[in-house]
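What follows is a short report on a single structure.
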Amino acid sequence: MKLRHLRWGTQALGIFLGLLGVIGIGMTHIIFPGLHCYACPLSVTICPIGLLQNLVITGTAPFYLLGVLAVYGIFLGRGWCGWFCPFGTVNDLLSWRKVRYRKVLSSLKFLVLLGTVVAAWRVADTWFCKLCPAASLTASLPYFAMGLAQPTTPFFIHMGTLAATLVGMIAVSRFWCRYLCPMGAILALFNRASFFGLRLDSQKCTGCRACQNACPMGIAPHLEGNSANCIKCGECVSSCPQHALSLGFSLPEAREYASLRLPWPRSRANRVPPRK
Amino acid sequence: MWYFFFVLACVAMGVAQEIYQIDLMPAQPESLVSCAQEARRLRLYPTLSKSVRYEGPALARKLFGEISLGDATYVIMLGISAQNEVALWVDFDGDLRLTSTEKLQPTGYSWGLVWSFALLARPKGGEPYEYPLSVVWPEGRGYVVLLGDCVLSGWFQGRQIVLVDGDLDGVFGTKGDFLGVDVDGDGKIYADLDDHEYFGLSEAFTLGAKSFKVREISPDGRRILVEETSYVPPKVPLIPGSPAPDFTFREFVSGQELSLKSFRGKVVLLVFWATWCPPCMASLPGLRQLYSQFHAQGFEIIGVSLDESAADLRQVLADQGIAWPVAFEGKRWDNSLAALYRVYGIPTTYLIDRNGVIRYRDLREEELAKAVAELINEAAQTTSRGASLPKLSAQAEPILEIALPKEAGLRPGEETALSLRVTNASPYLAEEIRFSVQGLPAEILSKTPDLFDLPAFGERTVSLTFWAQKLDPKDFPIPIKVRVEYHYCVAEACFQMVQEAETTLVFGGSKASGFVFPWWVLILLATGAHATWLIRGRALSVFSVLILILALAILGFGVYLGQARQAQRVAAVLCTSCVGIEEARAPEVERSPELRRAFAELPKTAHLILFYTPRCRACPYAKKLVTEIAQINPKIRVEMVDADSERERAEKAGVVVVPAILIQETGEVLFGTNDLATRLLSALKEIP
Numbered sequence: 001m002k003l004r005h006l007r008w009g010t011q012a013l014g015i016f017l018g019l020l021g022v023i024g025i026g027m028t029h030i031i032f033p034g035l036h037c038y039a040c041p042l043s044v045t046i047c048p049i050g051l052l053q054n055l056v057i058t059g060t061a062p063f064y065l066l067g068v069l070a071v072y073g074i075f076l077g078r079g080w081c082g083w084f085c086p087f088g089t090v091n092d093l094l095s096w097r098k099v100r101y102r103k104v105l106s107s108l109k110f111l112v113l114l115g116t117v118v119a120a121w122r123v124a125d126t127w128f129c130k131l132c133p134a135a136s137l138t139a140s141l142p143y144f145a146m147g148l149a150q151p152t153t154p155f156f157i158h159m160g161t162l163a164a165t166l167v168g169m170i171a172v173s174r175f176w177c178r179y180l181c182p183m184g185a186i187l188a189l190f191n192r193a194s195f196f197g198l199r200l201d202s203q204k205c206t207g208c209r210a211c212q213n214a215c216p217m218g219i220a221p222h223l224e225g226n227s228a229n230c231i232k233c234g235e236c237v238s239s240c241p242q243h244a245l246s247l248g249f250s251l252p253e254a255r256e257y258a259s260l261r262l263p264w265p266r267s268r269a270n271r272v273p274p275r276k
Numbered sequence: 277m278w279y280f281f282f283v284l285a286c287v288a289m290g291v292a293q294e295i296y297q298i299d300l301m302p303a304q305p306e307s308l309v310s311c312a313q314e315a316r317r318l319r320l321y322p323t324l325s326k327s328v329r330y331e332g333p334a335l336a337r338k339l340f341g342e343i344s345l346g347d348a349t350y351v352i353m354l355g356i357s358a359q360n361e362v363a364l365w366v367d368f369d370g371d372l373r374l375t376s377t378e379k380l381q382p383t384g385y386s387w388g389l390v391w392s393f394a395l396l397a398r399p400k401g402g403e404p405y406e407y408p409l410s411v412v413w414p415e416g417r418g419y420v421v422l423l424g425d426c427v428l429s430g431w432f433q434g435r436q437i438v439l440v441d442g443d444l445d446g447v448f449g450t451k452g453d454f455l456g457v458d459v460d461g462d463g464k465i466y467a468d469l470d471d472h473e474y475f476g477l478s479e480a481f482t483l484g485a486k487s488f489k490v491r492e493i494s495p496d497g498r499r500i501l502v503e504e505t506s507y508v509p510p511k512v513p514l515i516p517g518s519p520a521p522d523f524t525f526r527e528f529v530s531g532q533e534l535s536l537k538s539f540r541g542k543v544v545l546l547v548f549w550a551t552w553c554p555p556c557m558a559s560l561p562g563l564r565q566l567y568s569q570f571h572a573q574g575f576e577i578i579g580v581s582l583d584e585s586a587a588d589l590r591q592v593l594a595d596q597g598i599a600w601p602v603a604f605e606g607k608r609w610d611n612s613l614a615a616l617y618r619v620y621g622i623p624t625t626y627l628i629d630r631n632g633v634i635r636y637r638d639l640r641e642e643e644l645a646k647a648v649a650e651l652i653n654e655a656a657q658t659t660s661r662g663a664s665l666p667k668l669s670a671q672a673e674p675i676l677e678i679a680l681p682k683e684a685g686l687r688p689g690e691e692t693a694l695s696l697r698v699t700n701a702s703p704y705l706a707e708e709i710r711f712s713v714q715g716l717p718a719e720i721l722s723k724t725p726d727l728f729d730l731p732a733f734g735e736r737t738v739s740l741t742f743w744a745q746k747l748d749p750k751d752f753p754i755p756i757k758v759r760v761e762y763h764y765c766v767a768e769a770c771f772q773m774v775q776e777a778e779t780t781l782v783f784g785g786s787k788a789s790g791f792v793f794p795w796w797v798l799i800l801l802a803t804g805a806h807a808t809w810l811i812r813g814r815a816l817s818v819f820s821v822l823i824l825i826l827a828l829a830i831l832g833f834g835v836y837l838g839q840a841r842q843a844q845r846v847a848a849v850l851c852t853s854c855v856g857i858e859e860a861r862a863p864e865v866e867r868s869p870e871l872r873r874a875f876a877e878l879p880k881t882a883h884l885i886l887f888y889t890p891r892c893r894a895c896p897y898a899k900k901l902v903t904e905i906a907q908i909n910p911k912i913r914v915e916m917v918d919a920d921s922e923r924e925r926a927e928k929a930g931v932v933v934v935p936a937i938l939i940q941e942t943g944e945v946l947f948g949t950n951d952l953a954t955r956l957l958s959a960l961k962e963i964p
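Protein chains in written order, with the numbering used here: chain A, 1 to 276; chain B, 277 to 964.
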């Protein structure tokens, strides 16, 4: 089975588990390892960002939430974004233009996370939820279809953020995951230390940049694999003609690969590793 | 011999105390005019600790709760179908199976859905009995409100008496239950919390020259034993028709000594308010308008401020341009006038006529203006008792849970911190929370913090500190009480609450320390996450494993603290404003004088049909607006139509969303609430 087909399977599982409310069970204690609105009529899991804001508002030290997030982070890191998150899957479906990521913009997601927490703390309101495009898609629109949501200002704001994000996704693949997702920012903290990741056989790598062209996040996996912007989706693995890249579970030291401990000077113009 | 002892015992019992038995039967007597009806919130959860089987068609959302009545516990389930139909299932037979026969349909009101039914209460040591109950669901919320209708009634010394299960636990004689006694023998019982015929179970009531106290109540409430007690003066009635108790006060601004009596011959509105009470502040512009309109004709307002800060009050009086006399004692709820008029929630108003008789209570806005006009125009001699007595919208009850360690150790010359966890167990905001320590010897100094507010279902840990230069171990242990004072508002009423928690100060180190928030865990985690980008080689793997262990530990600690359940509760409540269903707060109807005049001057008759649904959050706004327009201009007639029950009519009118206003004359339909007043005005102008 191709890696991509396996990933489609787990992404479908993510959507299925996100919408498990269809079988009639109510809200559970489980925190969702992705961005998925718990206000969705079929949701049975808790959105970590929504919960984070509520806990900040109520002044609760978030032990349970942080513990769960850290466990998720240590297991897959941003692998959740690439393999599971339903909103990531929406991003994937519109991933047509795989342009190179902009380093300046990629730190925006940390600012979004910080802004979300600060807004909850200072204004005591879940402002991120009011703008979240995942909530627009999985809560506002279904409620509108059910006749519950009214075409009021908050609804239009949701539609506006959704439209803007969709346009962004079409123009830049994985736009939301690259630049704005606060959940991605949290998981990114654990990305390098997680037990799941990319491995590079630097002996085989020719620096042809096929992986870079295939990467929906716009990074160069042979240089920046497992970095904060790597969602470990495995597109690079399939694209590598030399089979230099692989993806799997291991201790982080085992896959600490050359791109992070560069055997060649970083200043080389084209960053092509020397042939041996 | 035995006979002698028997007679002696009977005589002794008779002389020692007069005990009377009152037999009660379940009945809601017509004489019960008002009653402090308990409204208990019941949180609903997506799952229950016990397994409940639902047998019926698939539902989009299910929320469960449990109602306990004595030893009996009943599971209820609120189910919402994909078609948005809401129903309540009550496990009447207690078999933990919810079947179609246990499904109840609601009655819809603008403020929520209501189900009324009866359950079998089983009080310990008493007979099971039918317990009538109403369940109210303010739509979209994660809780329901239980309203108790369980009233027992009987007769004592020719006066009717009622017993109410105030705390809704199915057992009579417990905290919160109360009696209503027709003490004045007028055939009516006024048993609201602030009424003169309401008596808590430890409170004595007076009939004629004798006072009585409850000695015992059977758990099923069928039998009460009362005994005579020392005379207690009866409570002064404050119902419409009774004379307003006189009082004197020093006017806040001028310092002049005034009395209520000195206003005899004028219509007086007695307003209990405070600058910290938002509904009170919102009512000020209306009162100002009323005052300027009727003052010249003999209308006066006396404001009784329950503020503590004179500076705040002075500022508000100046800013709002308040010209009427204000009484201020700076004692908040310990105000003597609030005690005299039994004020438990603000704003509270009494409208007193020219003869010093209370005529109306708690009137607001238009109703108040109408009543003032009526009393102004009334001849000074007439007194009438025919007035309505609006009920309190909610009863004051504590909303905070306070957790303190059992003891705290104190050493001479050392500061001891006592951590106190305060949890708000209600959906209301607790405001201005103050802490004080009672029972502390003079040599021990304490420092207490203040909390500005605590949001719904939130929790905070505060630190109380103690310090003493010298201590004598012989004086220990010292039991102390921590007093927590705060207020909260429900709709248009604000309540002041005082709660106490007990702990003990011991000499030396304490055995049990309080809950201290370990910030180091968060710092460690953040540092750890950052360090993953710096560490290399084997150290990185070791580090990952350590982070995993730490993460599992804090996850476990969070579960131990009940945070998993808290998270589930947070997620179970649908934040309608977050997902664009409604505005965060319903906008107030604008009442600019120009707009009102424009509506008043519309020359044509018009028939407006407002289509609403019980679930719609914006509909109350539209309802309020059209009602107000109809009041301003009698040529405009308004009809309210529930679009859910009269779907065909709504479809025929072209109504696709609610609220919608159909102008019958032109056939035009206006949707939504944004800028509705202006749109409606221009649409009405187009009527040929």
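Idealized CB from N, CA, C, for every residue including glycine.
Assign THR89(A) to buried or exposed, taking buried as 16 or more other Cβ atoms, counted over all protein chains shown, within 10 Å of its Cβ. buried
Proximal chain B residues relative to THR28(A), where beta-carbon distance stays under 9 Å: PRO322, THR323, GLN844, ALA847
Tell me, which residues are paired with GLY594(B) by DSSP? Note that residue 594(B) is Ala in the sequence shown, not Gly. For ALA594(B), DSSP assigns no beta-bridge partner whatsoever.
Using a Cβ-Cβ cutoff of less than 6 Å, which residues in the same chain neighbour VAL774(B) once the five nearest sequence positions on both sides are dropped? GLU761
Rounded separation between LEU396(B) and LEU335(B) - CA only: 28 Å
Three or more C-beta pairs under 8 Å: does that hold for the stretch 579-592 of chain B against the stretch 546-563 of chain B? yes
Would you please verify whether the beta carbon of MET183(A) is less than 8 Å from any beta carbon of chain B? no
Could you have a look at GLY50(A) and say whether DSSP puts it in helix, strand or coil? helix
For VAL412(B), which option in VAL420(B), LEU324(B), GLU776(B) has the closest C-alpha, if you only look at C-alpha atoms? Each of VAL420(B), LEU324(B), GLU776(B) was checked against the Cα of VAL412(B), and the nearest Cα belongs to VAL420(B).
Using the C-alpha atoms, what's the distance from PRO869(B) back to GLY994(B)? Within the shown structure, residues of chain B are numbered from 277 to 964, placing residue 994(B) beyond reach of any answer.
Contact set between the stretch 68-84 of chain A and chain B, restricted to residues whose Cβ is under 7 Å from the partner: VAL68, ALA70, VAL71, ILE74
Inter-stretch contact at 8 Å, needing at least 3 Cβ pairs: the stretch 751-759 of chain B / the stretch 588-605 of chain B: By the C-beta criterion, the stretch 751-759 of chain B is judged not to be in contact with the stretch 588-605 of chain B, since fewer than 3 inter-stretch pairs fall below 8 Å.
Could you say which of ALA348(B), ILE720(B), PHE393(B) lies nearest to ASP371(B) if we only look at CA atoms? The residue with the shortest Cα to Cα distance from ASP371(B) is ALA348(B).
Cβ closer than 7 Å: which chain B residues qualify as neighbours of TYR64(A)? LEU831, GLY834, VAL835, GLN839, ALA840, ALA843
Give me the Cα-Cα distance between LEU878(B) and SER559(B), rounded to the nearest whole angstrom. Distance between LEU878(B) and SER559(B), taken at the CA atoms: about 28 Å.
To which residues does DSSP link ASP726(B) through a beta bridge? ARG710(B)
Since PHE195(A) meets chain B, which of its residues come closer than 8 Å, beta carbon to beta carbon? SER820
Residue interval of the alpha helix (DSSP H) (run including TRP83(A)): 79-83
Rounded to the nearest angstrom, what separates VAL362(B) and LYS130(A) at their Cα positions? 26 Å
Under 7 Å from the C-beta of MET146(A): neighbouring residues of chain B: ASN360
Can LEU374(B) and TRP391(B) be called in contact, C-beta distance under 8 Å? Taking 8 Å as the cut-off, the Cβ atoms of LEU374(B) and TRP391(B) do not count as close.
Which residue wins for smallest C-alpha separation from TRP96(A), given the options THR138(A), LEU166(A), ASP125(A)? LEU166(A)
Output, in chain order, the set of chain B residues within a Cβ distance shorter than 7 Å of ASN54(A). By Cβ distance, chain B contributes VAL846.
So if DSSP puts GLY248(A) in a beta bridge, which residue, or which two residues, is it bridged to? GLY197(A)
What does ARG814(B) touch in chain A if you count any residue whose Cβ is under 7 Å from its own? GLU253
Nearest to GLY562(B) by CA position, among GLN573(B), LEU300(B), ILE577(B), is which residue? Cα-wise, what sits closest to GLY562(B) is ILE577(B).
Does TYR38(A) have its Cβ less than 8 Å from a Cβ in chain B? At least one chain B Cβ lies under 8 Å of TYR38(A).
By how many angstroms is the C-alpha of LYS542(B) removed from the C-alpha of TRP600(B)? Rounded to the nearest whole angstrom, the CA to CA distance from TRP600(B) to LYS542(B) is 13 Å.
Below 9 Å between beta carbons is the criterion; list the residues of the stretch 86-98 of chain A that meet it against any residue of chain B, in chain order. none
Does DSSP put TYR101(A) in a helix, in a strand, or in coil? Assigned with DSSP and collapsed to three states, TYR101(A) falls in coil, not helix or strand.
List the residues of chain B that ARG279(A) touches, going by C-beta distances under 7 Å, in chain order. Residue 279(A) is absent from the model: chain A starts at 1 and stops at 276.
Grouping DSSP H, G and I as helix and E and B as strand, with all else coil, what is SER660(B)? Note that SER660(B) scores 38 on pLDDT, short of 50, meaning its location in the model is unreliable and no value can be drawn from it.
Could you pull out every residue in the same chain whose Cβ sits closer than 6 Å to the Cβ of HIS158(A), ignoring the five residues on either side in sequence? SER136, SER140
Of the residues that make up the stretch 735-761 of chain B, which ones have a beta carbon closer than 8 Å to any beta carbon in chain A? GLU735, ARG736
Once you ignore the five residues that flank GLU378(B) on each side, which residues in its own chain have a CB closer than 7 Å to its CB? TRP365, VAL366, ASP367, PHE368
Please list, in chain order, the chain D residues whose beta carbon lies closer than 7 Å to that of ALA827(B). Protein chains A and B are contained in the structure displayed, whereas chain D is not.
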